[in-house]
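S.K.:
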Amino acid sequence: MADSVQQSTGTSAAEELTRRIAEQAALYEFTDRLFRATTRHEVYSAALDAIIRALGCSRASILLFDQTGKMGFVAWRGLSQDYRDAVAGHSPWRPGDRNAEPVLIEEADTAQLPTELKAVLRREHIEALAFIPLTVDGAVIGKFMTYYATPHRFDGAEIELAVTIARQLGFRIERLQSEEARAAAERALKSERELLRTIIDSAPVMISLYNPETGLLHLNRQFNQLLGWTAEPVTTESLMQHSFPDPEYRAKVAAFIEACGPDWMDITMQTRAGRPIETSWANYRLTDGTRVGIGIEITDRKRLEAHQALLLGETSHRLRNLFAVASSVIDMSARSADTPGEMAEAVHDRLQALTRAHALTQPRSEVQSQPGERETTLRALLTAIFAPYAPVDAPPPFTWAGSDLPLGPDALSGLALLLHEFATNAAKHGALSRAGGSVRIDSVIVEGELAFAWRETGGPPLEGAPGTRGFGTYLADRVVSGQFHGRMTREWSSSGLAIRLWLPLDRLTPLVTDGSRK
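Each step along the sequence shown adds one to the number in the UniProt record's numbering, with nothing skipped, and position 216 is 216.
Listed below in structure tokens is the structure:
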């Protein structure tokens with residue numbers, strides 16, 4: 001009998017040793033596979049193989065808490081869909097619980113379990129099962145489960161092995177989560193960089209990015225299109241030296257860039273081809289020290305501002321001249337008129353002539369290709385002056401031949417008054433006072449002067465020069481000699497009045513942008 005006991009004991013020891021060897025082999029293989037696994041599927045597959053082999057169960061599963069805190073299956077062996085649906089979400093622990101211990105059910109029928117759960121286990125032919133917590137830094141993240149088709153007694157060695165597998169699986173899941181989070185962050189960062197690069201390169205503004213630590217300089221597509229520079233192989237120093245040839249101005253721009261203040265600065269830059277352009281820049285410094293420059297081209301705006309300033313200056317100058325002329329007309333009319341009515345008539349007619357002359361300089365429409373006043377010519381002024389004396393729907397009663405020329409704004413007012421006096425006199429006493437009368441005008445440019453001839457025909461016969469000098473004659477003489485520094489002659493004959501003028505061109509034509517005259 002003693003031999004029989006000894007044989008039985010020896011057999012048990014041998015079986016225990018064999019089981020221990022099998023468990024260690026399964027644990028070693030599990031560790032090796034975890035080390036080489038690169039995906040969740042590989043990790044879960046290695047774990048399920050190790051659980052079934054080392055713990056001697058027929059089925060196993062791995063469940064993890066999702067972002068909502070619900071426990072769900074992520075891998076399993078031998079479990080039906082109905083079973084997984086029925087027990088999904090069940091867990092003896094909450095996410096983050098600490099000091100969680102395995103839950104062992106050695107015989108489901110006699111365990112303290114809800115009736116409905118017992119029914120689910122019975123349908124799945126599960127008689128025993130174990131809940132082994134999976135933890136990361138001591139906090140529960142899920143569990144793995146073992147299932148047995150018959151009642152099962154869990155000894156201490158088996159529980160210790162299950163906890164060891166759970167610890168390694170939890171550690172590998174933690175590393176896997178970290179790797180996935182890092183990969184996701186890298187993808188997001190790459191996507192953000194690509195998005196940022198796309199935005200920078202497609203933005204309709206110049207953008208420069210400079211990192212003083214790395215010395216890397218990035219210039220976007222608009223920078224290249226406007227200034228001709230790319231980031232390779234240009235350096236910041238060479239870009240600054242070429243864009244701002246003047247050292248003093250370059251130092252001023254460099255100080256603005258380094259300050260990275262909140263204001264914009266208008267900067268004149270030189271393109272790589274040597275062409276100057278006007279720009280406006282703002283600069284910002286990021287938390288890593290990168291300097292970001294944002295620039296827009298304002299060459300057209302600057303040109304428009306300069307043109308508007310010139311027009312405002314010309315308009316102001318012209319208004320002062322018009323006020324001065326109007327004041328002189330009123331003053332001389334007051335001294336020569338015998339009655340207030342005569343004064344009002346004289347002032348009104350002459351101011352109307354100035355108004356018609358000024359209207360010639362206004363734009364033809366509200367829409368123009370270039371802002372500013374319309375250029376006025378001698379012929380256009382003659383047409384405007386004669387307009388009040390033309391019959392309805394008929395051309396003005398004058399013929400004109402010779403040289404036309406543009407008139408400057410200063411000359412326009414004086415010449416309008418002069419021609420108005422000629423036309424008014426012809427309407428009252430000369431050719432335009434009778435039907436069929438007309439005025440012939442000839443003009444020619446000779447040796448820097450405009451030679452201008454006014455000849456009246458078809459009017460009443462003249463008996464010679466008038467006995468007295470009227471206001472109109474006085475005003476005409478003053479305009480010719482005083483404003484234009486010119487000469488004038490008058491001839492009275494039976495055929496009509498003839499007037500000749502010689503006016504210097506530099507008193508008539510407008511200035512061009514370089515200060516010369518047309």
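Positions of the beta carbon are idealized from the N, C-alpha and C atoms, including for glycine. Predicted model, so just to flag it, every value in this text is computed and none were measured.
Do P461 and S438 have their C-beta atoms closer together than 7 Å?
M.R.: In this structure, S438 does not lie closer than 7 Å to P461 by Cβ.
S.K.: Would you check if the distance between the CB atom of R59 and the CB atom of F73 is smaller than 7 Å?
M.R.: No, Cβ-Cβ distance for R59 and F73 is not below 7 Å.
S.K.: Is it true that the CB of W264 sits closer than 7 Å to the CB of S243?
M.R.: no
S.K.: Over the uninterrupted beta strand (DSSP E) stretch that includes T399, give me the two end residues.
M.R.: 398-402
S.K.: Could you tell me how far apart the beta carbons of P133 and P102 are, in whole angstroms, since I believe they sit closer than 8 Å?
M.R.: 7 Å
S.K.: Can you grab the Cα-Cα spacing for the pair N99 / A22, in whole Å?
M.R.: 29 Å
S.K.: According to DSSP, simplified to helix, strand and coil, what is P371?
M.R.: Residue placement at P371 cannot be trusted, given a pLDDT of 45 that sits under 50; what the coordinates show is reported in the next sentence. Coil, per DSSP.
S.K.: Rounded to whole angstroms, what is the Cα-Cα separation between H90 and R20?
M.R.: 33 Å
S.K.: If we ignore side chains and look at the alpha-carbon of each, how far apart do P262 and P212 end up?
M.R.: Taking the straight line joining both Cα atoms gives about 20 Å.
S.K.: Can you tell me which of the three DSSP states F452 falls into?
M.R.: strand
S.K.: Along the beta strand (DSSP E) that carries N211, what are the first and last residues, could you check?
M.R.: 206-211
S.K.: How many angstroms separate the CA atom of E248 from the CA atom of L450?
M.R.: 50 Å
S.K.: From L501 to G448, what distance separates their C-alpha atoms?
M.R.: 13 Å
S.K.: Taking the alpha carbon of I199 as the reference point, which residue from Q222, A188, A184, R182 has its own alpha carbon closest?
M.R.: Q222
S.K.: Have a look at I173, L217, L17 and flag the residue whose alpha-carbon is nearest the alpha-carbon of A75.
M.R.: It is I173 whose Cα lies nearest to the Cα of A75.
S.K.: By how many angstroms is the C-alpha of A185 removed from the C-alpha of A162?
M.R.: Rounded to the nearest angstrom, the gap between the Cα atoms of A162 and A185 is 34 Å.
S.K.: By the DSSP assignment, the beta strand (DSSP E) with G414 in it spans what residues?
M.R.: Element bounds for G414: not the beta strand (DSSP E) but the alpha helix (DSSP H), 409-428.
S.K.: State the Cα-Cα distance for the pair L405 and T377, rounded to the nearest angstrom.
M.R.: 5 Å
S.K.: Given a cut-off of 7 Å on the beta-carbon distance, is the pair S164 and L55 in contact?
M.R.: It should be noted that the sequence gives Thr, not Ser, for residue 164. The answer is no: Cβ separation not under 7 Å.
S.K.: Output needed for I296: all residues of its chain with C-beta closer than 6 Å, excluding positions within five of it in sequence on either side, in chain order.
M.R.: V205, S280
S.K.: Quick check: what's the CA-CA separation for A254 versus L239?
M.R.: 12 Å
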